[in-house]
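Under UniProt numbering, the first residue of the sequence shown carries the number 1, and numbering increases by one thereafter. For reference, the structure is listed below as structure tokens.
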Amino acid sequence: MNRIENASDSCRTIASGVPVENLRRVWRAGDGSSICMRSIEPSDLELERHFVERLSGESRYMRLMSGRMPSEAEMIRWTRIDRRREGALVVTIAAGARERLIGVARYAMIEGTSDMGECAIVIDDAWHRHGLGRRLLASLIELATRSGVKRLLGTTLSENIAMLGLARKLGFAVSRAPEMASIMNLSLDLTGQCLVRGELDRA
1 MNRIENASDS
11 CRTIASGVPV
21 ENLRRVWRAG
31 DGSSICMRSI
41 EPSDLELERH
51 FVERLSGESR
61 YMRLMSGRMP
71 SEAEMIRWTR
81 IDRRREGALV
91 VTIAAGARER
101 LIGVARYAMI
111 EGTSDMGECA
121 IVIDDAWHRH
131 GLGRRLLASL
141 IELATRSGVK
151 RLLGTTLSEN
161 IAMLGLARKL
171 GFAVSRAPEM
181 ASIMNLSLDL
191 TGQCLVRGEL
201 DRA
């Protein structure tokens, strides 16, 4: 697990030689806690594991559409992304000299396409209603736009009112999935999308 470091927006190159936008940002929560948003790394597996274990059954249900615990293989896959076709951001807080993961947002290119991505977000239960989801999803949209994604798609349960509200605030079109009353489809056109920093600051 890594120490939190303050760093400005930049572009870096990972070991594979694939350039990736680094949206690392640090700010203070209302209680003074240091919060860091950054790109996910393979070394975040333990953070991811502890994060998933802390999620309530309801949060896992809303994210995975089932109450099951993700497998170890799934969590390894989530932290070892292919940056040519995927992007993932994590939000952490300082826990002593280390980090605690409190939010994850990610997108992955849909198979057979070169400019359409499927996105998802999950926030630690203790950090609901703190504006974290909006800031994180807005940053994921920015990352996807910079990476050439033209449209972001997602699905959520019709009972996930918080997610539906967040999606609408950030410009997603929301529609009910055909013949699936419990599923809502989300779609955001990123053509010409330009999120200004003020939008992130208001989140």
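Where is the CB? At the ideal position from N, CA and C, for every residue including glycine. Computed from a predicted model, the values in this text were never measured in an experiment.
Counting other Cβ atoms within 10 Å of its Cβ, Ala138 reaches 16 or more and is therefore classed as buried. Residue state for Leu186 is assigned as strand, using DSSP reduced to three classes. The region 78-86 makes no contact with the region 26-36; the number of CB pairs closer than 8 Å stays below 3. For Arg106, the enclosing beta strand (DSSP E) stretches over residues 98-109. Inter-residue distance for Leu143 and Ala181 is about 31 Å (C-alpha atoms, whole angstroms). When the alpha-carbon of Met62 is set against those of Ser158, Arg129, Gly103, the nearest one is in Ser158. A residue is called buried once 16 or more other Cβ atoms fall within 10 Å of its Cβ, and Arg28, having fewer, is exposed. Met116 is not a Cβ neighbour of Lys169, given a cutoff of 8 Å. Out of Asp189, Leu186, Ala162, the CA that lies nearest to the CA of Glu58 is found in Ala162. The three-state secondary structure of Met116, taken from DSSP, is strand.
The straight-line gap separating the alpha-carbon atoms of Glu99 and Glu179 is approximately 43 Å. In this structure, Asn160 is the residue among Gly171, Asn160, Gly165 with its C-alpha nearest to the C-alpha of Ile183.
The C-alpha of Glu48 lies about 15 Å from the C-alpha of Ala120. The C-beta of Glu53 has fewer than 16 other C-beta atoms within 10 Å across all chains shown, which makes the residue exposed. One thing to note: Gly131 has its Cβ no nearer than 8 Å to the Cβ of Ile123.
If you draw a straight line from the Cα of Ser114 to the Cα of Arg84, it comes to about 10 Å. Between the alpha carbons of Val174 and Leu166 lies a distance of about 11 Å. Taking the Cα positions, Arg135 is about 19 Å away from Glu86.
Counting the other Cβ atoms within 10 Å of the Cβ of Arg68 gives fewer than 16, which makes it exposed.
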